[in-house]
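Mapping of the sequence shown onto my numbering: residues 535 to 874, in sequence order.
Glycine included, each C-beta is placed from N, C-alpha and C at the ideal position.
Only a predicted model underlies this, so the values are computations on that prediction, with no experimental measurement involved.
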Amino acid sequence: MTSLAQQIARHQHRLAILAHHYQADAIVEHAHFVGDSLELARQVTELAAEHIVFCGVHFMAESAAILARPEQKVHAPVLQAGCVMANMAPAPLVEAVLARLTRSGARVIPLTYVNSSAAIKAVVGRAGGAVCTSANAQRMLQWALEQGDCVLFLPDANLGANTARAIGLPQTSIERLDICAGGLHVPAAQADVRVYLWPGCCAVHHKIRLEDIQAVRAKFPQARILVHPECRPEVVAAADGAGSTSYLIREAAQTPAGSTLAIGTEDNLVARLARRHPEVRILPVRRVLCSNMAKTDVHALTAKLQELDTAQPVRVDAATAAAARLALERMLTACAPPNR
Ligand code: 13P
Ligand code: SF4
535 MTSLAQQIAR HQHRLAILAH HYQADAIVEH AHFVGDSLEL ARQVTELAAE
585 HIVFCGVHFM AESAAILARP EQKVHAPVLQ AGCVMANMAP APLVEAVLAR
635 LTRSGARVIP LTYVNSSAAI KAVVGRAGGA VCTSANAQRM LQWALEQGDC
685 VLFLPDANLG ANTARAIGLP QTSIERLDIC AGGLHVPAAQ ADVRVYLWPG
735 CCAVHHKIRL EDIQAVRAKF PQARILVHPE CRPEVVAAAD GAGSTSYLIR
785 EAAQTPAGST LAIGTEDNLV ARLARRHPEV RILPVRRVLC SNMAKTDVHA
835 LTAKLQELDT AQPVRVDAAT AAAARLALER MLTACAPPNR
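Here you go:
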């Protein structure tokens with residue numbers, strides 16, 4: 535097999551490699567664009583390349599395939615790189631729960647985190663809802679609340695609870711759904727509830743506990759602690775700040791030399807920031823790894839580039855893609871940068 539660099543050079547005029555911040559350095563150093571979920575979705579809409587190779591997890595490649603032009607092909611180096619959280623919201627169950635919530639005649643706007651399948655984005659798009667990412671969740675939750683009586687936030691209950699709290703909603707107006715019996719316990723929407731939370735979570739960020747924050751505070755009393763909003767609400771409440779991977783990267787870059795910064799997110803990113811900013815003591819709140827992000831390695835990326843012209847691109851059927859695109863475009867429109 536020829537080297538990764540040779541394969542990239544071979545396709546250079548018709549190839550764009552995109553990588554999420556949680557990818558390993560060996561992938562990131564070869565990517566044309568590295569970003570958080572929102573930046574990468576925006577990037578796709580601006581690319582001219584015939585082949586887009588998405589190094590991340592499956593829902594990201596699916597979103598790219600939905601946003602790309604019909605003549606572009608989106609590839610995932612490892613098709614089995616899924617996301618545990620995205621799998622926690624099966625489309626038929628979400629449809630059933632939405633139907634139960636709307637029995638009272640309430641207008642329930644679904645807002646799905648981008649970490650969800652194309653089928654979920656399509657359900658949301660058809661129901662007048664939108665997608666959000668961790669970078670724009672507050673803006674999009676405000677948007678969704680303006681469209682209807684209440685919001686069904688899915689699939690991440692932690693991000694939903696943290697975002698609802700950040701925009702000032704009282705705890706009494708936020709309700710976590712019980713979907714254990716196939717949604718049968720879900721009541722019709724009540725007037726005093728503004729946000730219903732789908733009870734999913736990121737298996738990686740959920741491992742970070744309040745005790746981890748307390749241990750960092752005890753050992754490094756001067757440390758600033760920043761976490762990703764997929765962490766538990768009590769972890770976010772005890773930290774000094776929370777935000778998307780891009781927020782964490784910006785904050786690390788602005789931290790004065792000699793300071794200590796503890797970061798609660800996926801280990802590839804924390805370790806990269808520690809290497810990038812040796813003047814700051816950067817440490818993980820707790821070491822957590824996303825095994826799905828780790829499935830994309832140099833070998834898999836090289837193999838995909840080698841077979842680029844014959845490989846099956848990621849495909850989403852036309853009806854699902856059209857409805858899911860509605861939900862993604864509502865987000866891109868609501869969060870368009872002001873100078874565009
Ligand atoms: P962001 O890059 O949007 O912060 O996403 C985190 C994540 O978990 C992606 O899977
Ligand atoms: Fe999914 Fe969590 Fe991994 Fe992100 S870090 S891909 S949300 S399991």
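Item to check | A640 vs P689 beta-carbon contact at 8 Å | outcome: Between A640 and P689, the gap from beta carbon to beta carbon reaches 8 Å or more.
Checklist entry - Opposite P818 in the DSSP bridges: which residues? => result I797.
Next on the checklist: Could you check whether the Cβ of Y556 sits closer than 7 Å to any heavy atom belonging to ligand 2?
Outcome noted: yes
Next on the checklist: DSSP three-state label for G694, please.
Outcome noted: helix
Item to check | 8 Å Cβ cutoff met for A786 and V819 | outcome: no
Checklist entry - Any heavy atom of ligand 2 within a distance shorter than 7 Å of the CB on C589? => result no
Checklist entry - CB of M827 to nearest heavy atom of ligand 2: below 7 Å? => result yes
Checklist entry - Hey, is D570 close to ligand 1, as in C-beta under 7 Å from one of its heavy atoms? => result yes
Item to check | Sequence-distant residues of the same chain with beta carbon closer than 7 Å to V608, five excluded per side | outcome: I586, F588, A595, A598, A599, A602, P847 and V848
Checklist entry - What do you reckon, is the C-beta of S597 under 7 Å from a heavy atom of ligand 1? => result Distances from the CB of S597 to the heavy atoms of ligand 1 are all 7 Å or more.
Item to check | Beta-carbon proximity list for S571, same chain, < 6 Å, skipping 5 on both sides | outcome: V648 and T667
Checklist entry - For the 8 Å Cβ check, are there 3 or more pairs between the stretch 825-839 and the stretch 751-767? => result These segments do not touch.
Checklist entry - Exposed or buried, which one is Q606 when buried takes at least 16 other CB atoms within 10 Å? => result buried
Item to check | A558, DSSP secondary structure in three states | outcome: coil
Checklist entry - Are the beta-carbon atoms of L862 and V665 separated by less than 8 Å? => result Between L862 and V665, the C-beta gap is smaller than 8 Å, which places the two residues in contact.
Item to check | ligand 1 heavy atom lying under 7 Å from the CB of E785 | outcome: no
Checklist entry - With 16 as the cutoff for other CB atoms within 10 Å, does C714 come out buried or exposed? => result exposed
Next on the checklist: Could you tell me the alpha carbon to alpha carbon distance between C735 and C869, rounded to whole angstroms?
Outcome noted: 24 Å
Item to check | Any 3 or more C-beta pairs closer than 8 Å across the stretch 696-713 and the stretch 750-758 | outcome: no
Checklist entry - Rounded to a whole number of angstroms, what is the C-alpha to C-alpha distance between A558 and T830? => result 8 Å
Checklist entry - Mind checking E841: buried by the 16 CB within 10 Å criterion, or exposed? => result exposed
Checklist entry - Within 7 Å: the Cβ of K762 and any heavy atom of ligand 1? => result It is His, not Lys, that sits at residue 762 in the sequence shown. Checking every heavy atom of ligand 1 against the Cβ of H762, one is found closer than 7 Å.
Item to check | Strand pairing of R641, partner residues [DSSP] | outcome: In the DSSP output, where bridge partners are listed per residue, R641 has none listed.
Checklist entry - Going by C-alpha distance, which of S651, Q672, N670 and G682 is nearest G663? => result G682
Checklist entry - Which one or two residues does DSSP pair with K607 in a beta bridge? => result H585
Item to check | Rounded separation between C684 and W677 - CA only | outcome: Between C684 and W677, the C-alpha separation is close to 11 Å.
Checklist entry - How long is the line joining the alpha carbons of H811 and A749, rounded to whole angstroms? => result Going by the C-alpha atoms only, they are around 23 Å apart.
Next on the checklist: Taking only three categories from DSSP, how would you classify A881?
Outcome noted: A query on residue 881 cannot be resolved here, the shown segment of the chain reaching from 535 to 874 and no further.
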